[in-house]
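Residue numbers (my numbering), protein chains in the order written: chain A, 1 to 423; chain B, 424 to 1063. Quick reminder that beta carbons are idealized off the backbone N, C-alpha and C, glycines included. A quick note: this is a predicted structure, and the numbers were derived from the prediction, not measured. Just below is one structure, and these are the notes that go with it.
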């Protein structure tokens, strides 16, 4: 422990020391004398081989995390991999490129052929999903820097009621739907813009984003990984993939002896408790309810689609061109600097207002269709979730919920069953 | 980890100490960062008051090299201070991260030390059925709430943007026909601007009889009619049945046509049309060397209103948030003859409304009828003074709800003071009695806030007040305030006032259109263009040519009847001042104080670009042989 502490301290000192000696520069003043400012030089882009190096590091980290989770069943190992991931993908690479945001790149590439998605981004998107397909959510366990930063501040986990978790667990679907809509319409990458932790990784963000990140970290002290469980849109894809994963972490290495020691081991509420032999309600009741809930799925899809289509103008207001047109047509009383800059930029673009308005008209039509699809998707998700909540499945053991389990391997240490000492 | 070797008690104590130290350290650093951040946000290194004051002095004394050096040093200090603070925040950020990391690590060690072995809870967990039921309930509630919120939001916004887009892209389909009862004007036999053929399409050009060749003819006819109407008690042009009587007999002597042309009674000259009738207007001067600068007078309080002139007196207003003043300056010597403080007005607010720096509290131009001068300010105070500065009457119109600041200039017509009061809290145009300030009429308008000014024009022999705002261009009877015609077409935050020539009204606004409108029984658009648009300078027209200046330096010349563009020319700097036409030359003052003088012809021909040496946003005023230019702090008289 002492060695570890010393190493840790050294690491942080060495990391932060260079940051205190940045050279100071200030911008060129504006000259009235006719002095011509030399052209601004932009820094060269990052070397391409480094992007491939990141891919290698990703593969290495995923492999290590999967090995620690599935083979070694070592919480310590997972913890160290996650620290490394926090340092490398978080602070060194400043949170970009990350698989969580890469969803948007992929969607943008699908809907806009002019956008050429780099191969490394495709790999960042698909590799964690591939590993999840084989080993469960080992990416969440030990590679995602967003999860890691929340994990290390989890001091006093408070268990949420299962029904609260289930209800809140639908928010990532909404976020994913919105992120896809905005990426598909080339409006914005909302996942990246509203990443609460990237400000810490970059030591730079607006006050609001730093404040939001701070709130998330404060909440993370007590509620395990709130962003991962109740917001992460990429987690939706991992959740669905993990349910059909070939291998998954098990609490017990052999057979469960129902000792109940692991009941409180998961701070994320991802352990399925054994179900009673006899269900507490009549089968006919539950079947009838299930059928009813399945029948209402199509109306829910329609209702959701209709509501989404009605909201299309509000949804489209995020688009910068729509905002500009709105400001020109319906000027707001508060003219912020941001608005002034956008209007000045438009002035110099050479476009006429009619061209802008025609473009915005087209964008609104796209959002109308997008609103239908988003609302319909959410209606489907809600409907399927409700129907699923009527199903009864008997299972006698304590097992991780394959969808929501983050494979952090905290539970394995609670199980008294050892491979060499079968029950 | 739970099975790992636990730290010893001594270690735990050490880590507790580290945790406390790291926690306090992080808290202090966090506090300092926030304090620094607040400080850095308050100070703008490129807008320091001390430096601004010195720069002002440098503008007045451009040769002072010591002052120049002092400014450079202070500027460098301000920038260094700013970036030092930034560096402090950044370094503080690193230290905070280090402190927090240490704190977290210490806490992890302490928690690991305190971890107990798992104990099977004696409490029964809630049944899965209960959890499922509750989950279904809350998911259903959440889903219904989301749909309800979506529908409510959609209802509230009511496709506002789409409707406005439709209007903007298809303005023709939204043209409001003028009700018949408002258009019962008879066309007079001696209509000065030719016959008006009602054309159904906007591209056809109406036939014109007696087409005037003189540049100023149409303006003359407007003034003629306007003066005729003022000087008679009956309306000789076949007025509408519901027209009220013209000027009352107890009014002051009304200025004649010659008087109006000899003077410069309002913003953009007589009628606000942008035409000056003065002669021998200078075309060259140089502010730096003083060539042809006859005098320069410092105006105590700044304002963006343009000067007006009557006889040998120039009138201006100036104001800040605490004080409002009217100044009278001698035309020949530049001496301030009198200053009247505007205060003690019943209903005047205790605090001035918030205005932007580029509008100020004294943006509207004054007006005079030769007997009295009139001024209005950002807080709604309007005052009438005699030519010696003695107060005649004053009242408060109510604080105009205007996010930039009230800017519409005044104009007089007969014995009335016309005020365009298009504000957020109820738009209207009103007429006050010149003698008493009593409200003679007030016509509400369904328009948004406008910064344009009223213009007087002769439409079918009748004097009309022409106003521009979003979304209407309208003409009003100055005697009754009745709306004679209206047409939709201009959107946005309207700054430019209308131009008028030969029976055609020209309006424009940035991000909207340039429109030529033929008012009449069937008001229609003759032509439109969206190539060059103005957000501040008002256009000006002669019989055949329309001149449009923009705030980004481009000037264009169009055919008034067809909209055909004859030429365009780009100057280095744009203008906020409106172009004026005098002696068949266009005078356009740009923001840097350079006057671009070019011929009012179908081909661009520059006459001169004399520089004042000071920035200006005001429109020039003219008297014979003289031009008067107002800058931020001074009034210049230019002449040979």
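- Per the coordinates, the alpha-carbon of residue 1003 of chain B lies some 20 Å from the alpha-carbon of residue 726 of chain B.
- Judged by DSSP in its simplified three-state form, residue 834 of chain B adopts strand.
- In the three-state reduction of the DSSP assignment, residue 719 of chain B falls in the strand class.
- Assignment of residue 315 of chain A by DSSP, reduced to helix, strand and coil, places it in the helix class.
- Nearest to residue 1046 of chain B by alpha-carbon distance, out of B:573, B:692, B:535, is B:692.
- Beyond the five residues adjoining it in sequence on each side, residue 251 of chain A comes within less than 6 Å, by CB distance, of 262, 398, 411, 415 in the same chain, given in chain order.
- Judged by beta-carbon spacing, residue 783 of chain B lies within the 8 Å limit of residue 742 of chain B, meaning their Cβ atoms are closer than that value.
- The criterion of a C-beta distance shorter than 8 Å is not satisfied by residue 592 of chain B and residue 151 of chain A.
- Chain B places no beta carbon closer than 8 Å to that of residue 184 of chain A, leaving this residue out of the contacts.
- Per DSSP, the beta bridge partners of residue 731 of chain B are B:738.
- Secondary structure of residue 282 of chain A (DSSP, three-state): coil.
- Within chain A, the residues whose beta carbon sits less than 7 Å from that of residue 534 of chain B are 155, listed in sequence order.
- Shortest Cα-Cα distance from residue 824 of chain B to any of B:802, B:832, B:1020 involves B:802.
- Between the C-alpha atoms of residue 195 of chain A and residue 564 of chain B there is a straight-line separation of about 28 Å.
- In this chain, residue 989 of chain B is not harboured by any alpha helix (DSSP H); it is covered by the beta strand (DSSP E) spanning 988-993.
- Among the residues of chain A, those whose CB is under 9 Å from the CB of residue 975 of chain B are 347, 348, following chain order.
- Under the criterion of beta carbons closer than 8 Å, residue 914 of chain B and residue 329 of chain A qualify as touching, at roughly 7 Å.
- Residues of chain B whose Cβ lies closer than 7 Å to the Cβ of residue 260 of chain A are, in chain order, 543.
- Contact of residue 264 of chain A with chain B is assigned, a C-beta pair being separated by under 8 Å.
- Interface annotation, residue 568 of chain B: not in contact with chain A, CB-CB separation never under 8 Å.
- Residue 933 of chain B is classed as buried because its beta carbon has at least 16 other beta carbons within 10 Å across all chains shown.
- With fewer than three CB-CB distances shorter than 8 Å, the segment 62-80 of chain A does not count as touching the segment 229-243 of chain A.
- Beta-bridge partners assigned by DSSP to residue 752 of chain B: B:737, B:759.
- Proximity of the segment 891-905 of chain B to the segment 873-883 of chain B meets the contact definition, three or more beta-carbon pairs being nearer than 8 Å.
- In the structure shown, residue 175 of chain A falls within a helical segment according to DSSP collapsed to helix, strand and coil.
- Counted as a single uninterrupted DSSP element, the alpha helix (DSSP H) harbouring residue 488 of chain B occupies residues 488-537.
- CA-CA distance, residue 759 of chain B to residue 753 of chain B, rounds to 6 Å.
- Using a Cβ distance threshold of 8 Å, residue 845 of chain B and residue 873 of chain B count as a contacting pair.
- Contact check for residue 463 of chain B against residue 517 of chain B fails: the beta carbons are separated by 8 Å or more.
- Residue burial annotation: residue 207 of chain A is exposed, with fewer than 16 other C-beta atoms found within 10 angstroms of its C-beta.
- Beyond the five residues adjoining it in sequence on each side, residue 174 of chain A comes within less than 7 Å, by CB distance, of 378 in the same chain, given in chain order.
- Residue 96 of chain A counts as exposed, since fewer than 16 other C-beta atoms from the protein chains shown sit within 10 angstroms of its C-beta.
- Interface annotation for the segment 94-116 of chain A against chain B: empty, criterion Cβ-Cβ distance under 8 Å.
- The C-beta of residue 531 of chain B has 16 or more other C-beta atoms within 10 Å across all chains shown, which makes the residue buried.
- In the three-state reduction of the DSSP assignment, residue 1045 of chain B falls in the strand class, which pools E and B.
- Per DSSP, the unbroken alpha helix (DSSP H) holding residue 465 of chain B starts and ends at 432-465.
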